[in-house]
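What follows is a short report on a single structure.
Numbering (the numbering used here), first residue to last: 100 to 333.
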């Protein structure tokens with residue numbers, strides 16, 4: 100037998116054998132554990148989704164740290180969400196006296212449901228007979244803030260048009276005052292990334308408004324600029 104015929108004779112069986120070997124592809128899919136009654140989602144690389152929101156086939160889910168899909172109420176980073184028994188996030192609807200907005204977050208201190216109902220800062224429905232214009236109201240004793248439901252902010256921090264304010268239990272806005280780790284200036288704004296002199300000391304507040312450090316001299320609180328090292332060539 101000639102050499103080139105021998106080569107063809109060997110190749111044909113190998114190709115046939117390759118066609119008979121099944122190929123396996125890992126697909127992303129749900130995995131249900133009947134004993135634990137839990138549901139997880141396995142990705143294409145064989146790992147499970149954890150501590151993350153993920154939209155799957157039109158529905159949004161949240162996966163806990165152990166990979167199980169979350170159901171019921173979820174408190175996360177200051178917001179609340181609600182997930183059905185299947186794990187799908189609910190939106191634009193009422194759950195008891197709480198309203199879930201289009202993005203899934205529970206509404207707080209706003210009008211909802213086509214502006215027909217007002218919910219307070221705890222997310223609960225409030226019966227109001229009149230809708231007011233939210234605004235600051237100055238009096239001889241100080242400044243208050245009236246909300247759209249007619250109530251006045253009191254004993255709370257409140258974000259208004261990009262600034263954080265604090266209102267005492269009397270309803271009056273705090274000014275030029277230290278409030279725990281924070282400080283508000285003469286306008287009532289929480290100071291951020293700023294050095295403030297209070298009494299004999301200077302205080303530095305960070306980007307989140309929290310107290311960082313104090314010193315008797317202002318220069319000690321100014322962050323040092325980082326200089327890049329220059330490499331000299333021969």
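Just so you know, even glycine gets a beta-carbon here, dropped at the ideal spot from N, CA and C. Quick caveat, the model's predicted, so the values are computed rather than measured.
Between which two residues does the beta strand (DSSP E) holding residue i run?
i, result
"residue 127", "It is not in any beta strand (DSSP E) - residue 127 carries neither H nor E in the DSSP assignment."
"residue 207", "Element bounds for residue 207: n/a, residue is neither H nor E."
"residue 178", "178-182"
"residue 295", "293-297"
"residue 283", "281-283"
"residue 237", "234-237"
"residue 198", "197-199"
"residue 276", "276-278"
"residue 159", "158-162"
"residue 334", "Any question about residue 334 goes unanswered here, given that the chain covers just 100 to 333."
Just to check my reading of the structure: residue i and residue j have Cβ atoms closer than 8 Å, yes? What is that Cβ distance to the nearest angstrom?
i, j, result
"residue 172", "residue 181", "6 Å"
"residue 299", "residue 315", "7 Å"
"residue 140", "residue 148", "5 Å"
What do you reckon, are the CB atoms on residue i and residue j nearer than 9 Å?
i, j, result
"residue 191", "residue 204", "no"
"residue 272", "residue 265", "yes"
"residue 270", "residue 252", "yes"
"residue 208", "residue 218", "yes"
"residue 305", "residue 291", "yes"
"residue 231", "residue 188", "no"
"residue 301", "residue 313", "yes"
"residue 224", "residue 233", "no"
So what does DSSP say about residue i, is it helix, strand or coil?
i, result
"residue 258", "strand"
"residue 318", "helix"
"residue 309", "coil"
"residue 123", "Reliability fails at residue 123, whose pLDDT of 44 lies under 50, so the model's placement of it is uncertain and the value that follows must be treated cautiously. In this structure, residue 123 counts as coil in the three-state DSSP scheme."
"residue 215", "coil"
"residue 323", "coil"
"residue 151", "strand"
"residue 171", "strand"
"residue 101", "Here the model assigns residue 101 a pLDDT of 47, short of 50, so the residue's position is not dependable and the matter cannot be decided."
"residue 141", "strand"
"residue 245", "strand"
"residue 240", "coil"
"residue 189", "coil"
"residue 267", "coil"
"residue 225", "strand"
"residue 251", "strand"
Taking 9 Å as the CB-CB limit, is residue i close to chain C?
i, result
"residue 278", "Among the chains in the structure shown there is no chain C, since it carries only a single protein chain."
Can residue i be considered in contact with the ligand GDP, in the sense that its beta carbon sits closer than 8 Å to one or more heavy atoms?
i, result
"residue 153", "Although the ligand GDP was asked about, the structure shown includes no ligands whatsoever."
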